[in-house]
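Start counting the sequence shown at 359; every next residue gets the next number (my numbering).
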Amino acid sequence: MTMRIFIAGATGFIGQHLLPALLAEGHEIIAGVRQPQTWQTRFPTIDWLRCDYSKDHDPQIWLPRLTNIDVIINAVGIITETSKQNFTDLHVKAPIALFTAANQLGIKKILQISALGADAAATSQYHVTKRTADEALVALSPNAVILQPSIIVGRGGGSTTLFAAMATLPWIPSLSSAKIQPILINDVVAIIVKLIHNWPTGSKRLELVGMEAMTLSQLLKLFRNWLNLKPTNSIKIPLPLLKVIAKGNDWLKMGSFNSDTLGMLLRGNCANPAPMLSTTKITPSSIRSGLQTFPATTADRWYARLLFLQPLLRITIGLLWLFTGIVSAFLYPVVESYKLLAATGVTGLFAPIMLYSAAILDSILGIATLIGYKIRLVVGLQLLVMITYTVIITWFLPELWLHPFGAISKNIPLLVATLIMLVLEEQ
Ligand SMILES: NC(=O)c1ccc[n+]([C@@H]2O[C@H](COP(=O)([O-])OP(=O)(O)OC[C@H]3O[C@@H](n4cnc5c(N)ncnc54)[C@H](OP(=O)(O)O)[C@@H]3O)[C@@H](O)[C@H]2O)c1
């Protein structure tokens, strides 16, 4: 029997794997996303509706979106908060508004993608907020299904991307002896598709786990093997160091490693698969064999290797511009700077104006690069400034091309590195 299914989070890792499977079954899909126009052309057979969990907290907003819906799937979530997205809005307020509207319309089949560990022992805000929504759903809807997956492995997954990158490091980092029980995305999708057809009676919480518990470094070794890289040794990262890095990143907010996610890692992520097996009759594949179902390509190896180099490239290019601005304004002898400017025809009052304007521009471009502000515009300006400086120097001071430290010739690889930074920053 085909159904009208509303999916929130259809553009995410789970959502994007789920969509083709549901379409193949002939279901009618209504997808709630933040930017429907960009997806409508890609999947024209799906009805894309605008919804934003950071503000849609009133059930009234949800009612018209759920007309004649048979099944609701909530696959929206974040692993870390940002300046625009917080756990309370995304994991609690919006889902509860959605569940309340569904309840008012009498929609019985609501499937919430929660997370393994969203239980009474949870301490991380990620898990605590997931659990709040799970509890609210159980209270509202007697037939709700709550799936609590462990780490899900598959192409495009946030954790898969991170683990693949960690697996390319010269040594496999060993962060914790706690075990995790990853499950493949194909198995998660198969379980959801099966549950939609064979909806369990009474509300159900199912922990979705793979059949094998392993440490993170054991999983990373499987990823290294998947990437077709030679095996390497593990290196134990001391816990105090991890805590300091995580604490620092609570403030810096770069990537998803922070005190909350470190706490989740140290807690481990395992469960008994028996209830999942008896309810779904699906036995998850092993991660090793599952990884071979989507063999790593050169693109996978590139992406994995570039993941940690991407912020490094942006930070070093940003620091270079900032440093150049500071050196020009304060450290390089002003007399020498004026001599160089004079050689290009800039003298008198124009010399300090030109010197300090260029220093300010370089510093602004450096700071904007460091904080990742309007990177396209900033890269455009950097290229323009570099090309302009290079042309002027070539014309008026060609001898600088022969400087033994490559004062000007270094601009060429820097131009290319800046273009690579633009490509890497545009996700
Ligand atoms: N992947 C795992 O290993 C794993 C394991 C356990 C539990 N889970 C849970 O499963 C759910 C889905 O995970 P995932 O891996 O698919 O995550 P994901 O790839 O990060 O996708 C998250 C989805 O949420 C949407 N979203 C983010 N902010 C939104 C907002 N303000 N309004 C509306 N939609 C918004 C995203 O839409 P945009 O495209 O607009 O950003 C995207 O579709 C999450 O709740 C996650 O916690 C995942």
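Think of the CB as a built atom: it goes at the ideal place given N, C-alpha and C, for glycine as much as any other residue.
Quick caveat: nothing in here was measured; it's all calculated off a predicted structure.
Element boundaries [alpha helix (DSSP H), containing residue i]
i: D405; result: Counting along the chain, D405 falls outside any alpha helix (DSSP H), though it belongs to the beta strand (DSSP E) covering 405 to 408.
i: E694; result: 692 to 701
i: F371; result: 371 to 382
i: P633; result: 632 to 638
i: S329; result: Only positions 359 to 785 of the chain appear in this structure, which leaves residue 329 out of reach.
i: Q395; result: 394 to 398
i: H485; result: 483 to 498
i: P453; result: 452 to 462
i: G516; result: 516 to 525
i: W679; result: 667 to 684
i: N607; result: 597 to 610
i: Q418; result: 417 to 420
i: E783; result: 769 to 783
i: T705; result: Here T705 belongs to no alpha helix (DSSP H), and DSSP marks it neither H nor E.
Alpha carbon of residue i to alpha carbon of residue j, nearest angstrom
i: P669; j: T481; result: 30 angstroms
i: G724; j: S441; result: 22 angstroms
i: K811; j: L741; result: For residue 811 there is no data in the structure shown, the boundaries of the chain being 359 and 785.
i: G703; j: I751; result: 11 angstroms
i: R362; j: I387; result: 6 angstroms
i: G568; j: I766; result: 56 angstroms
i: I722; j: L624; result: 41 angstroms
i: V814; j: M612; result: Past the edges of the chain, shown from 359 to 785, lies residue 814, and the structure says nothing about it.
i: H385; j: H555; result: 11 angstroms
i: A701; j: F754; result: 6 angstroms
i: A455; j: L635; result: 32 angstroms
i: L564; j: N627; result: 14 angstroms
i: L699; j: F681; result: 20 angstroms
i: G514; j: A525; result: 16 angstroms
Residue range of the beta strand (DSSP E) that includes residue i
i: V391; result: 386 to 391
i: I471; result: 467 to 471
Option in the options with minimal Cα separation from residue i
i: F652; options: K594, G512, I363, L772; result: G512
i: A502; options: P422, I471, T519; result: I471
i: T396; options: W679, I387, L407; result: L407
i: A571; options: I538, I419, K579, S686; result: I538
i: V737; options: P756, L777, P710, P762; result: L777
i: Q483; options: S592, Y690, P710, L620; result: L620
i: V434; options: L424, L667, I427, D447; result: D447
i: D359; options: Q374, G370, E383; result: Checking the displayed sequence, the identity of residue 359 turns out to be Met instead of Asp. Residue E383 is the option with its Cα nearest to M359.
i: N426; options: Q462, L689, P402; result: Q462
i: E783; options: L469, T727, Y696, H555; result: T727
i: R734; options: E493, F681, V781; result: V781
i: I729; options: V692, L677, H761; result: L677
i: P771; options: L760, M744, K579, E757; result: M744
i: T487; options: M712, S644, F445, F521; result: F445
i: N616; options: A604, N630, G514, T682; result: A604
Bridge partners - residue i, DSSP secondary structure assignment
i: Q740; result: In DSSP, Q740 forms no bridge with anything.
i: S592; result: I530
i: F364; result: I388, I430
i: E565; result: Q506
i: T573; result: K537
i: V511; result: L542
i: N627; result: I538
8 angstroms contact criterion, which residue i and residue j should meet: CB distance rounded
i: L377; j: A368; result: 6 angstroms
i: L474; j: S508; result: 5 angstroms
i: R582; j: I550; result: At roughly 30 angstroms, the Cβ-Cβ gap does not stay under 8 angstroms, so R582 and I550 are not in contact.
i: L566; j: Q506; result: 7 angstroms
i: T590; j: S535; result: In fact, because the Cβ distance is near 19 angstroms, the residues do not count as touching under 8 angstroms.
i: D720; j: W679; result: 5 angstroms
i: D492; j: A476; result: 6 angstroms
i: L381; j: V429; result: Contact flag wrong, Cβ pair sits at about 14 angstroms.
C-beta neighbour in chain C for residue i, strict 8 angstroms
i: Y747; result: Among the chains of the structure shown, chain C does not appear; only one protein chain is present.
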